[in-house]
Every structure is written in structure tokens, then in C-alpha cells.
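So the protein sequences, as listed, match chains C and U. Sequential numbering of the first sequence, starting at 3, is according to this note's numbering. Sequential numbering of the second sequence, starting at 552, is according to this note's numbering. Ideal Cβ placement from N, Cα and C applies to all residues, glycine included. Quick caveat: nothing in here was measured; it's all calculated off a predicted structure.
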Amino acid sequence: MPAAPRAASRLLLGALVLAAVLVWPLLIEDQFYQRVGALVMLAALSASAWNLVGGYAGQISIGHVLFFGCGAYASLLGFTWFEWAPILGAPFGVAVSLLLALVVGRPTLRLKGHYFSMATIALAELARIIVTNTPILGGAVGVSGPAMPRSVLDLSFISPLPYYYIFGGVLGVLLLFTWWMSRSRMGFYLRAIRGQERAARSLGVPAERYKMYALLASAGFTSLAGSLYAAMLGFVDPDSGLGILLSVKMVIAAALGGAGTLFGPLVGAAILVPLEEITNAMFGGSGTGVTYVVYGAIIVFISRFAPGGLAEILSRLKAWRARHAG
Amino acid sequence: MTDALLSVRNLEVRYGDLVGVSDVSLEVRKGEVVALLGSNGAGKTTVLNAIIGLVRPTAGQVLWEGASIAGQPAFAVVGRGLALAPEGWRLFVNQTVEQNLRLGATPLGNRKREAELLEKVFAFLPKLKERRRQAAGTLSGGERQMLAVGRALMSAPRLLLLDEPSLGLAPAIVEMMYEKLQVLRDEGLTLLIAEQSVELALDIADRGYVIQTGRSVLEGPADELARSPEVQRAYLGIGGDEAPA
Numbered sequence: 003m004p005a006a007p008r009a010a011s012r013l014l015l016g017a018l019v020l021a022a023v024l025v026w027p028l029l030i031e032d033q034f035y036q037r038v039g040a041l042v043m044l045a046a047l048s049a050s051a052w053n054l055v056g057g058y059a060g061q062i063s064i065g066h067v068l069f070f071g072c073g074a075y076a077s078l079l080g081f082t083w084f085e086w087a088p089i090l091g092a093p094f095g096v097a098v099s100l101l102l103a104l105v106v107g108r109p110t111l112r113l114k115g116h117y118f119s120m121a122t123i124a125l126a127e128l129a130r131i132i133v134t135n136t137p138i139l140g141g142a143v144g145v146s147g148p149a150m151p152r153s154v155l156d157l158s159f160i161s162p163l164p165y166y167y168i169f170g171g172v173l174g175v176l177l178l179f180t181w182w183m184s185r186s187r188m189g190f191y192l193r194a195i196r197g198q199e200r201a202a203r204s205l206g207v208p209a210e211r212y213k214m215y216a217l218l219a220s221a222g223f224t225s226l227a228g229s230l231y232a233a234m235l236g237f238v239d240p241d242s243g244l245g246i247l248l249s250v251k252m253v254i255a256a257a258l259g260g261a262g263t264l265f266g267p268l269v270g271a272a273i274l275v276p277l278e279e280i281t282n283a284m285f286g287g288s289g290t291g292v293t294y295v296v297y298g299a300i301i302v303f304i305s306r307f308a309p310g311g312l313a314e315i316l317s318r319l320k321a322w323r324a325r326h327a328g
Numbered sequence: 552m553t554d555a556l557l558s559v560r561n562l563e564v565r566y567g568d569l570v571g572v573s574d575v576s577l578e579v580r581k582g583e584v585v586a587l588l589g590s591n592g593a594g595k596t597t598v599l600n601a602i603i604g605l606v607r608p609t610a611g612q613v614l615w616e617g618a619s620i621a622g623q624p625a626f627a628v629v630g631r632g633l634a635l636a637p638e639g640w641r642l643f644v645n646q647t648v649e650q651n652l653r654l655g656a657t658p659l660g661n662r663k664r665e666a667e668l669l670e671k672v673f674a675f676l677p678k679l680k681e682r683r684r685q686a687a688g689t690l691s692g693g694e695r696q697m698l699a700v701g702r703a704l705m706s707a708p709r710l711l712l713l714d715e716p717s718l719g720l721a722p723a724i725v726e727m728m729y730e731k732l733q734v735l736r737d738e739g740l741t742l743l744i745a746e747q748s749v750e751l752a753l754d755i756a757d758r759g760y761v762i763q764t765g766r767s768v769l770e771g772p773a774d775e776l777a778r779s780p781e782v783q784r785a786y787l788g789i790g791g792d793e794a795p796a
């Protein structure tokens with residue numbers, strides 16, 4: 003196929019998908035599905051934020067819930083302590099996350115591969131335990147947002163639709179940022195670091211600095227996702243805001259779709275979240291274990307057959323078709 | 552002494568309890584080609600990595616034009632005019648030949664200069680130009696070595712460190728590789744070549760150093776070293792009680 007029509011058809015396809023994403027929740031009445039839609043957006047947002055450091059820079063953090071929790075707690079603690087609208091706490095969550103990323107990233111980013119992942123798990127668990135045992139941070143009980151919305155700023159809506167569009171808007175900004183970054187010098191360096199960190203360093207790429215930039219950007223957006231989540235749920239406790247499962251979900255969503263690709267985390271989230279919500283609805287409270295069975299199967303499948311996620315499978319299919327076309 | 556571009560004195564590198572090198576000294580003067588010889592595991596790669604800043608020396612000095620660079624991060628060292636073509640090439644296999652080369656220009660931070668150097672490298676290694684849009688992972692062994700050298704040249708270094716440029720290549724390719732190095736030498740580029748293949752390296756070098764289990768054991772003009780029975784022994788790792796595993 004010639005290049006120009008091909009680019010045009012891709013653009014058209016992109017526009018169609020975007021239109022579908024924007025209009026879809028308006029066409030269905032069922033709030034269950036609208037809520038699933040909002041949760042997909044949120045999961046896509048956190049997985050894309052994780053993707054900056056986990057995918058593009060190749061530093062597999064399994065402790066991103068640390069930043070997510072920062073955002074969530076900042077929002078609701080702002081309300082608990084000062085009666086602020088939860089979203090006003092978001093900038094503070096981001097600030098604390100950036101600070102934490104700086105402090106935590108300096109030693110941990112020197113670690114390679116699994117060691118980095120282990121360190122991030124340890125730090126996130128540490129945060130969970132500290133918060134659980136600190137009454138002023140809500141302790142084991144957690145903290146809540148406003149029971150009744152006082153103004154629009156509280157971002158407390160009955161319908162899931164506003165959340166869908168708010169999350170989607172922030173996700174859009176993040177995707178633009180990611181796209182810009184991946185095409186900039188920084189993206190170039192990050193790919194080199196992911197491919198061959200030692201070689202990248204020997205060529206004069208300041209690897210530690212660029213990994214830190216990626217971690218900072220990632221932490222900031224992850225924290226924002228946490229704040230939005232807290233605003234929607236109006237409640238956070240150590241498990242829902244700092245539990246390791248949240249970190250794992252970010253990793254799986256990105257890895258399933260394709261880590262280090264722009265749309266990979268979105269695809270992953272669009273598959274995983276409905277899967278989880280539907281199994282939960284089907285099996286009820288007693289069936290929550292089924293979700294984890296499915297997650298486990300996905301992890302095994304990805305690591306065994308397609309470490310590059312669905313993006314890899316897609317490009318393999320394309321290569322296969324190209325070989326068999328002519 | 553004062554005209555040394557690079558001088559390494561009593562270098563020691565430990566990785567925890569492991570000793571990478573314990574006492575290596577060498578000197579490279581401007582315009583010279585110096586061979587760093589030793590058998591597999593003698594510590595040649597560690598010496599080069601310590602010079603370029605990939606590992607931190609635990610003792611000793613590394614001086615570049617008289618100023619200490621020991622323990623500085625690689626990006627600072629490379630910015631001063633050193634470049635390394637690493638052992639086993641360490642290419643970015645998923646990226647194109649051209650992208651690999653462009654990464655080599657990182658220390659310059661200058662797009663215009665980068666474009667000029669790219670043309671220069673392509674003129675020097677025309678094979679790379681043919682393959683510029685190909686992923687580095689699809690190149691043959693010889694082409695990969697060329698790319699590793701070309702990538703190092705992209706920072707317009709004043710001293711090029713080469714780690715085992717003959718490793719894993721067919722004899723005909725090795726010969727071609729060394730012809731290219733000869734051209735660089737004739738253009739006045741200073742080279743420090745770590746090699747197991749003593750004959751090749753001493754053929755092109757002005758002077759050489761022999762290290763054995765992490766220590767400098769011998770140094771001298773290339774032709775003298777080439778005749779020395781000790782070199783044969785150090786290189787082959789036979790005789791003496793320090794035979795490497």
C-alpha cells in the first residue's frame with residue numbers, strides 16, 4: 003500500500019476510535035457500564051503514567067502505588083484536616099510524590115533489573131505499614147471525603163459520566179506528553195537506556211539523570227491518578243490506596259497492551275478492567291479470587307509468549323502477513 | 552611525562568571482594584597507538600571501563616591531560632574527548648544503524664556537528680550507509696563491529712578506546728577491521744586497543760602493555776614486545792604460577 007493513503011487511513015481509524023471513546027458512554031444507559039468505562043480510563047491513566055518509567059525507561063517499578071497513594075491521601079487528608087475540596091489536595095500529592103521520587107529514586111535507580119523492582123516493592127510496603135500505624139493519616143481505618151457534595155469542586159457526582167470525561171481528559175494530556183517525550187531527545191535516550199544501559203552510559207548518556215526525569219514525570223501523573231480516584235471513591239484506606247495489588251495492576255495493564263508503546267497501556271486497561279468488573283459481578287464477593295486467577299494466567303501468557311505484549315503480537319502478525327502476501 | 556594525553560597510575564578496581572584489577576599503570580601520548588594485551592580475564596575490559604567512567608576505581612589515578620578523571624561519571628569523561636567501542640559491541644539492536652550512530656554524538660549536543668560527523672562516518676564506513684535504515688540487530692558480526700567503532704567516532708573523540716575489536720569475527724573481517732584502524736591512525740587519531748590477539752595489535756601499535764591477572768607485568772615498544780618470549784607466555788597464559796583459569 004502506498005504511504006500517503008495508508009497514513010490517511012490510519013488517521014481516519016484514529017479519529018473513529020476517538021469518536022467512539024467520546025460518544026460511547028452517552029449511548030448506553032446502564033450505569034454499571036458507564037462506571038466500568040470510568041474505571042477503564044483511570045486504569046489507563048495510571049498504567050500510562052507507570053509506562054513512562056516502566057515502559058519507556060525500562061525500569062520495572064512494582065511500587066508505583068506509593069505515588070498513587072500519595073495523591074489519594076493528599077486529596078482526602080486535605081478534606082479531613084482543612085475541609086478542602088479533595089481535588090485541591092492533588093497539587094500537594096504531586097509535590098510530595100515528586101519529592102519522594104527524588105529521595106527514593108536516587109538510590110534505587112542505581113539498581114538493575116529485578117533488584118530495582120524488589121526495592122520499589124519494599125518501599126511501597128513500608129509506606130503502607132507506616133500509614134496503617136499512623137492515626138493522623140487515618141491509620142488502618144482510612145480517610146473519607148465529603149459525605150455530601152458541597153460544590154462542583156468536590157467532584158462528587160452520582161453519575162459516573164463526569165468521571166469518565168475528567169479521567170479521559172487527563173489521560174489525553176498524559177498521552178500528548180508521552181508522545182512528545184518519546185519523540186524528543188529524552189525518548190531517544192530512554193530507549194537507549196532500556197536497550198543497553200551500559201552502552202548508553204559509555205556513549206555519554208547521563209543515564210541516571212534521564213531515568214530520574216522519567217521517574218519524576220511518572221510519579222507526578224500517577225499521583226494525579228490517585229487524587230482523581232480518591233475524589234471519585236471518596237474513601238481511601240491502606241489497602242485500596244497503598245496495596246501492592248494496585249502496583250501490580252498498573253504493570254499488568256501496561257505489559258499486556260505493550261510496555262513502552264503509547265497506546266499499549268490503554269489497550270491493556272480496556273481488557274483488564276472489564277474482565278475484573280464482570281467476573282466480580284458474576285461471582286459476587288465470593289468470586290474475587292477468580293480475578294487473580296485470570297491475572298496470573300495473563301502474567302504467565304505474556305512472559306512466556308509475548309514479552310512485548312499485544313503490541314508485539316500485532317507486529318508479528320503484520321510481519322507474518324507481509325511474508326505471506328507476496 | 553607531561554605530554555601524556557592519558558595516564559593511568561596504579562589503578563585498582565574492586566567489585567566488593569572481587570578484585571578486577573589490582574595494579575595497572577599505562578600512558579598514552581597524543582597520536583600514539585597503544586596496545587593493552589592480556590589473556591581473557593586479565594582485566595583489560597575493567598581498565599577501559601574504569602577509564603571511561605563505567606566503573607569507579609577503588610585506588611590509583613586516571614589523568615586526562617594532567618587532570619584527574621577517576622571516578623567521574625561516564626558522560627563527563629566522554630564529554631572531554633574519550634570514546635569507547637565496547638567489547639561485544641553493545642549495540643541498540645532494535646534501533647536503526649543511523650540511530651545508533653546518532654546516539655554516539657550525545658556528548659556534542661550539537662545537531663549540525665552531528666550531521667557532519669554522520670556523513671564523515673558514512674564516508675569512512677560505507678557499508679553502514681547502505682544499512683543506515685536497518686535495525687542494528689540485523690547486521691552481520693563484522694558490520695556490528697564497524698557500527699560500534701563508527702558510533703564511538705560520532706563524538707569526535709581525541710582518544711578512542713577499543714575493547715577486543717577482533718573478538719568473534721572471521722579472520723578476513725578482522726583484517727578489514729584493522730585496515731580501518733590503520734586509516735584512523737594515519738589520520739592522527741590516538742588509539743588504545745585492548746586485545747587478546749597480540750600479533751594484530753602489536754602490528755598496528757607503537758607501544759604496548761601486558762597485564763596479567765590484574766597487574767601490569769610488561770611494557771615496551773611494540774616490536775620489542777612482539778619478540779619477547781614473556782609476551783608469548785603472558786598471552787598464552789602458560790608457564791609461571793599465575794596461569795589464569
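Exclusion of the five residues before and after Gln623 (chain U) leaves Gly604 as the residues of its chain whose Cβ lies within less than 6 angstroms of its Cβ.
Residue environment for Ser99 (chain C): buried (at least 16 other C-beta atoms within 10 angstroms of its C-beta). The beta carbon of Thr596 (chain U) does not come within 8 angstroms of any beta carbon belonging to chain C, so the residue lies off that interface. Between the alpha carbons of Gly95 (chain C) and Ala601 (chain U) lies a distance of about 41 angstroms.
Annotation for Val575 (chain U): the continuous beta strand (DSSP E) segment containing it runs 569-580.
Per the C-alpha coordinates, the member of C:Leu139, C:Leu205, C:Gly189 positioned closest to Ala216 (chain C) is C:Gly189. Between Asp568 (chain U) and Thr609 (chain U), the alpha-carbon positions lie close to 12 angstroms from each other. Contiguous alpha helix (DSSP H) elements confined to the stretch 751-778 of chain U occur at 773-778, taking only those with 4 or more residues.
Following the DSSP letters along the chain, one finds Ile744 (chain U) inside the beta strand (DSSP E) bounded by residues 741-746. Interface residue (Cβ-Cβ distance to chain U less than 8 angstroms): Pro208 (chain C) is classified as such. Interface criterion not met: the Cβ of Gly189 (chain C) is under 8 angstroms from no Cβ in chain U.
Under a criterion of Cβ atoms nearer than 7 angstroms, the residues of chain C adjacent to Leu605 (chain U) are, in order, Arg200, Arg203, Ser204. For Gly310 (chain C), no chain U residue has a C-beta closer than 7 angstroms to its own C-beta; the minimum C-beta separation is roughly 10 angstroms.
Taking 8 angstroms as the cut-off, the beta carbon of Leu556 (chain U) is found no closer than this to the beta carbon of Gly611 (chain U).
In the structure shown, Val296 (chain C) falls within a helical segment according to DSSP collapsed to helix, strand and coil. When the Cα atoms are used, Phe675 (chain U) and Lys731 (chain U) turn out to be separated by approximately 8 angstroms.
Nearest in C-alpha terms to Leu599 (chain U), of all of U:Leu711, U:Lys680, U:Ala721, U:Ala666, is U:Leu711. Contact annotation: Arg193 (chain C) and Gln646 (chain U) have beta-carbon atoms nearer than 8 angstroms. Per DSSP, reduced to three states, the secondary structure at Asp714 (chain U) is strand. Note: Val238 (chain C) is bridge-paired with C:Val145 in the DSSP secondary-structure output. Residue U:Leu577 holds the alpha-carbon nearest to the alpha-carbon of Val613 (chain U) among U:Lys595, U:Ser573, U:Leu577.
Residue pairing by DSSP places Leu562 (chain U) opposite U:Val575 in a beta bridge. A Cβ-Cβ contact shorter than 8 angstroms links Gly655 (chain U) with Leu205 (chain C). Beta-bridge partners of Trp26 (chain C) (DSSP): none assigned. In this structure, Leu258 (chain C) sits away from Gly171 (chain C), with a CB-CB distance that is not shorter than 8 angstroms. Interface criterion met: the Cβ of Pro658 (chain U) is under 8 angstroms from a Cβ in chain C. Residues of chain C with a Cβ closer than 8 angstroms to the Cβ of Gln646 (chain U) are, in chain order, Arg193, Ala194, Gly197. For Trp615 (chain U), the uninterrupted beta strand (DSSP E) run begins and ends at 610-615, by DSSP.
Nearest C-alpha to Phe69 (chain C) among C:Pro309, C:Leu248, C:Ile315, C:Val295: C:Leu248. Here Ile301 (chain C) has Ile254 as same chain residues with Cβ atoms under 7 angstroms from its own Cβ, once five neighbours each way along the sequence are excluded. Ala299 (chain C) and Gly141 (chain C) have their C-alpha atoms some 34 angstroms from each other. DSSP places Leu588 (chain U) in no alpha helix (DSSP H) but in the uninterrupted beta strand (DSSP E) bounded by 584-588. For Ser153 (chain C), the secondary structure class from DSSP, reduced to helix, strand or coil, is coil. With contacts defined as CB atoms closer than 8 angstroms, Glu210 (chain C) and Leu125 (chain C) fail to qualify as a contacting pair.
Shown here, Thr263 (chain C) sits in coil according to DSSP, grouped into three states, outside any helix or strand. Positions of the alpha helix (DSSP H) runs, each at least 4 residues long and wholly inside the stretch 177-205 of chain C, are given as 187-197, 199-204 in order along the chain.
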